[in-house]
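Peer 1: Mind having a look at this structure? Questions to follow.
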């Protein structure tokens, strides 16, 4: 996949010795997912899902509140803080955003909104 800045020690993304992934590689992987598996991508935009008889809510606060937001993944680790890979589409143009190191879910969502707004403003010039 060409994720040269990444090394995987587990499939969960949880903190582990020698496990790392750069923000650039996260964005690249998101693009690969969109390109190669568009039929599966819709799962990342679902507000909730059921698995093993339990219901789970999507932790992406952009879904349903930010125009065009359609995924991708949120996360939190003690070392990295709150982060996310987010995607949104406006006027047929998609932005993929990767952020990390935020203090809370709310701060993560606010920073993602700010950066997506900035990106879409630049694209519309």
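Numbering (my numbering), first residue to last: 10 to 134. Every residue gets a Cβ at the ideal spot worked out from N, C-alpha and C, and that includes glycine. Predicted model, so just to flag it, every value in this text is computed and none were measured.
(1) Taking buried to mean at least 16 other C-beta atoms within 10 Å of its own C-beta, is residue 41 buried or exposed?
(2) What distance in whole Å lies between the Cβ atoms of residue 11 and residue 84, which are believed to be in contact at a cut-off of 8 Å?
(3) Which one of 97, 24 and 27 has the shortest CA to CA distance from residue 70?
(4) Can you find at least 3 beta carbon pairs, one from the segment 26-43 and one from the segment 54-71, that sit closer than 8 Å?
(5) Across which residues does DSSP place residue 64 in a beta bridge pair?
(6) In terms of DSSP beta bridges, what is residue 103 paired with?
(7) Tell me whether residue 119 sits in a helix, a strand or coil according to DSSP, three-state version.
(8) With distance defined between alpha-carbon atoms, name the residue in 91, 108 and 28 nearest to residue 124.
(9) Just the Cα atoms here: how many angstroms apart are residue 47 and residue 28?
(10) Short of 7 Å in beta carbon distance, which residues of its chain neighbour residue 64, apart from the five on each side in sequence? Order them along the chain.
(11) Residue 81 bridges to which residues according to DSSP?
(12) Just verifying my parser: in three-state terms, what is the DSSP assignment at residue 38?
Peer 2: Put simply:
(1) The count along the chain shown starts at 1 and reaches residue 41 at position 32. It is exposed - the Cβ of residue 41 has fewer than 16 other Cβ atoms within 10 Å.
(2) For the purposes of this step, residue 84 is taken as residue 75 along the chain shown, with counting starting at 1. For the purposes of this step, residue 11 is taken as residue 2 along the chain shown, with counting starting at 1. With a Cβ gap of about 22 Å, residue 84 and residue 11 do not count as contacting.
(3) Locating residue 70 in the chain shown gives position 61, counting from the first residue. The candidate whose alpha carbon is nearest that of residue 70 is 97.
(4) no
(5) Within the chain shown, the letter at position 55 stands for residue 64. According to DSSP, residue 64 bridges with 59.
(6) As a first step, residue 103 must be located in the chain shown, where it is residue number 94. 98.
(7) Locating residue 119 in the chain shown gives position 110, where the first residue counts as 1. Of the three classes helix, strand and coil, the one that applies to residue 119 here is helix, per DSSP.
(8) Stepping through the chain shown from its first residue, residue 124 is reached at position 115. Nearest of 91, 108 and 28 to residue 124, Cα basis: 108.
(9) Indexing the chain shown from 1 puts residue 47 at position 38. Indexing the chain shown from 1 puts residue 28 at position 19. Their Cα atoms are separated by approximately 27 Å.
(10) The residue given as residue 64 occupies position 55 in the chain shown. Within the same chain, Cβ atoms closer than 7 Å to the Cβ of residue 64 are found at 57, the five residues on either side in sequence being excluded.
(11) Locating residue 81 in the chain shown gives position 72, where the first residue counts as 1. Note: residue 81 sits in a beta bridge opposite 95.
(12) In the chain shown, residue 38 corresponds to position 29, counting from 1. In the structure shown, residue 38 sits in a helix (DSSP, three-state: H, G or I).
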